[in-house]
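Chains as they are written, first to last, in numbering that gives the first Met the number 0: chain A, 0 to 250; chain B, 0 to 228. We put the CB at the ideal spot given by N, CA and C, even for glycine. One structure is given below, encoded as structure tokens.
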Amino acid sequence: MNYNWNWGIFWEMSADGRHTWFMTLIMGLGWTLATAFCAGIIAFILGSFIGVVRTMPIKWAVRIGNAYVELFRNIPLLVQLFIWFFVLPELLPTSLGNSIKQMNPPWASFVPAVIGLGLFTAARVAEQVRAGIQALARGQGMAGTALGLTLAQTYRSVLLPMAFRIIMPPLTSETMNLIKNTSVALTIGLIELTAAARSMQEFTFQVFEAFTAATVIYIVVNLIAVNLMRWLERRIAVPGFIGPAVGGGGH
Amino acid sequence: MGEFDFGVIQRSLGYLFREGMTFTLTLTGIAAAGGIFFGTLLAMMRLSSHKWLSLPATAYVNLMRSIPLLLVIFWFYFLVPYIGAWVTGSSQPVKVGAFTSSVVTFMLFEAAYYSEIMRAGIQSIARGQVWAGLALGLNYWQTMKQIVLPQAFRNMVPILLTQTIILFQDTSLVYVLSITDFLGAASKIAQRDGRLVEMYIFAALVYFIISYLLSQLVKRLQLRIAIIR
């Protein structure tokens with residue numbers, strides 16, 4: 000087999016004539032992290048809200064929450080991004096649609112990517128939050144009511160503080176999934192890490208160098224994210240209750 | 000953008016389903032079967048007491064699970080010709096079609112995820128059952144085949160099926176290799192006729208209906224299994 004290895008390629012000028020290929024990959028990583036971060040905020044806030052709604056003693060609210068989760072879980076992420084990117088501007092009033100289409104290059108893909116990933120991930124967060132709340136003993140909610148707390152107060156001071164601690168491990172893997180899923184945004188033109196490696200491969204034909212670099216960067220980012228989440232998990236653990244740092248005893 | 004044109008969907012139904020959906024379902028089927036097979040082997044390797052078996056399996060699973068599927072698709076698209084050359088001993092990279100490449104990709108990628116499910120399944124079987132099997136004079140493979148795996152599969156069927164629904168949705172990512180899967184077919188017609196709105200909404204609807212119905216079936220199955228145990 001004849002393949003010309005050239006690991007020095009990273010320090011050569013990239014196709015845009017201003018940055019090295021190394022910098023191209025780093026900028027791709029920047030967009031990956033920015034997209035994941037913004038989408039993560041949407042997913043956390045909206046997902047927590049929907050997850051809470053799905054456990055409330057109000058039938059129609061539960062139904063709407065369930066419908067949201069089913070809708071966003073059963074359509075491939077790629078199709079969802081296409082709908083935000085291609086379809087939404089057409090369905091909005093013409094002037095608004097046109098102004099969306101005329102956004103400058105990175106934003107025209109970045110904004111739909113963040114919205115799409117955020118709403119998609121929110122459905123998954125909502126599922127975890129619901130499971131976390133339902134994992135608590137039923138008596139906890141009743142105790143809150145018996146103490147004279149309103150429904151909102153019961154959630155705020157009794158149920159949610161424990162539920163969020165319980166679901167830290169699944170939220171960690173959702174964070175990993177979110178970071179990996181940002182790569183799907185390359186289909187709507189966002190030059191994130193995978194797209195940067197792909198363009199490097201297309202221009203230089205150094206397939207293995209480009210993809211190895213991207214793979215290593217993803218692994219490092221994953222390791223950092225996992226350790227950050229573990230640290231957060233230990234930080235917020237209630238002594239004697241749950242959490243990895245507590246051995247034996249507890250509940 | 001004029002009015003909604005549902006005619007474009009009607010006119011392309013044959014192409015969408017006969018070519019696109021057939022590809023999607025074939026890829027899903029082969030990748031699920033191969034993924035579960037290799038995933039089970041990987042799970043057995045990971046649970047082995049031999050370090051030289053468990054370490055590579057663990058490394059493989061962790062590697063696959065920490066990089067995005069799209070990157071894996073690109074990796075294999077370029078790797079498979081070289082692997083082919085290595086297997087057949089030819090000096091030139093072997094020409095591999097996009098279909099073979101995507102089948103290999105999804106099989107090996109999903110194997111990592113299926114293996115995690117199977118590992119949990121195997122671990123859910125009491126260890127005493129393995130010892131009982133060995134005490135009866137069965138060897139390792141017989142114990143696995145007759146005693147452990149049938150029960151592990153049974154316990155894990157709902158989760159394996161849920162993962163397969165995710166796989167069904169993930170196959171849409173072969174779009175990046177310009178393959179005519181269901182989404183690829185919808186996208187080609189959308190571009191040709193300038194009917195992005197109708198085609199993408201229709202594609203979303205079809206994926207939703209199939210995935211939703213399957214997930215409801217899995218839920219029912221889960222209840223039935225739960226009652227019997």
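query	result
Using a beta-carbon distance cut-off of less than 9 Å, what residues from the region 14-25 of chain B approach chain A?	none
Give the residues from the region 116-144 of chain B that approach chain A closer than 8 Å (Cβ to any Cβ), ordered along the chain.	none
Return the chain-ordered list of same chain residues with a C-beta closer than 7 Å to the C-beta of A110 (chain B), the five sequence neighbours on each side being excluded.	G34, F37, G38 and L41
Can you find the residues in the same chain that come closer than 8 Å, C-beta to C-beta, to M210 (chain A), ignoring five residues on each side of it along the sequence?	With the sequence shown as reference, residue 210 (chain A) is identified as Phe, and Met is not the correct amino acid for it. The answer, listed in chain order, is A196 and Q200.
Under 9 Å, Cβ to Cβ, is there at least one residue of chain B near K179 (chain A)?	yes
Under the rule that 16 or more other beta-carbon atoms within 10 Å means buried, what is K179 (chain A), buried or exposed?	buried
Kindly say whether H250 (chain A), judged by its beta-carbon, lies nearer than 9 Å to any beta-carbon of chain B.	Here the model assigns H250 (chain A) a pLDDT of 39, short of 50, so the residue's position is not dependable, and the following value carries that caveat. No, its Cβ sits nowhere closer than 9 Å to a Cβ of chain B.
Checking contacts by CB at 9 Å: is M22 (chain A) closer than that to chain B?	no
Could you name the residues of the same chain whose beta carbon sits closer than 7 Å to that of L69 (chain B), not counting the 5 residues immediately before and after it, in chain order?	L172 and V175
Can you tell me the Cα-Cα spacing of R229 (chain A) and S13 (chain A), whole angstroms?	37 Å
Chain B partners of R123 (chain A), CB-CB under 7 Å?	Chain B residues near R123 (chain A): none, gap ~11 Å exceeds 7 Å.
For chain B, check one thing: does any of its Cβ atoms lie closer than 9 Å to the Cβ of E232 (chain A)?	no
Spatial neighbours of M0 (chain B) within its chain, please: CB distance less than 8 Å, with the 5 preceding and 5 following residues excluded, ordered by chain position.	Low confidence applies here, because M0 (chain B) scores a pLDDT of 47, under 50, leaving its location unreliable; read the following figure in that light. Taken in chain order, the residues that qualify are V196.
Hey, how far is the Cα of L227 (chain A) from the Cα of T93 (chain A)?	44 Å
Have a look at S210 (chain B) and S90 (chain B) and give me their C-alpha separation to the nearest angstrom.	44 Å
When the Cα of G83 (chain B) is compared with those of B:V103, B:V71 and B:Q141, which residue comes out closest?	B:V103
Name the one or two DSSP bridge partners that M12 (chain A) has.	A:T19
Closest Cβ-Cβ distance between R72 (chain A) and chain B: below 9 Å?	yes
Enumerate, from N- to C-terminal direction, the unbroken alpha helix (DSSP H) stretches of 4 or more residues contained entirely within the region 108-192 of chain A.	137-145, 150-153, 159-165 and 167-180
With distance defined between alpha-carbon atoms, name the residue in A:T120, A:V61 and A:P160 nearest to G131 (chain A).	A:P160
Give a yes or no on whether 9 Å exceeds the smallest Cβ distance from V110 (chain A) to chain B.	no
Do the CB positions of G132 (chain B) and I116 (chain B) come within less than 9 Å of each other?	no
Starting from the beta carbon of F73 (chain B), find every residue of chain A whose beta carbon is closer than 8 Å, and list them in chain order.	T193, A196, R197, Q200 and F210
Using the three-state DSSP reduction, which class does P104 (chain A) fall into: helix, strand or coil?	helix
To the nearest angstrom, report how far apart V93 (chain B) and K100 (chain A) are at their CA atoms.	42 Å
What residues from the region 211-223 of chain A come within 7 Å of chain B, judged by C-beta to C-beta, listed N to C?	A213, T214, Y217, I218 and N221
Scan the region 62-92 of chain B and note each continuous alpha helix (DSSP H) run of 4 residues or more that stays entirely inside, going in chain order.	68-87
Should T171 (chain A) and I41 (chain A) be called a contact, given that it needs their Cβ atoms to be closer than 9 Å?	no
Report the rounded CA-to-CA distance for F85 (chain A) versus L77 (chain A), giving the unit in angstroms.	12 Å
Would you say E126 (chain A) reaches chain B, if we count a Cβ-Cβ gap shorter than 9 Å as a contact?	no
Using 8 Å for Cβ pairs, my map puts S114 (chain B) next to F75 (chain B). What's the rounded Cβ distance?	About 18 Å separates the two Cβ atoms, so there is no contact after all.
Quick one: does F105 (chain B) have its CB under 9 Å from some CB of chain A?	no
Drop a sphere of 10 angstroms on the beta-carbon of S11 (chain B), count the other beta-carbons inside from all chains shown, and report buried for 16 or more, exposed for fewer.	buried
Which class does D192 (chain B) belong to by DSSP, given the choice of helix, strand or coil?	helix
Output needed for M201 (chain B): all residues of its chain with C-beta closer than 6 Å, excluding positions within five of it in sequence on either side, in chain order.	The sequence as given places Phe at residue 201 (chain B); Met does not occur at that position. So the qualifying residues of the chain are I8.
Rounded to whole angstroms, how far is the Cβ of V95 (chain B) from the Cβ of V79 (chain B), which I believe are closer than 8 Å?	5 Å
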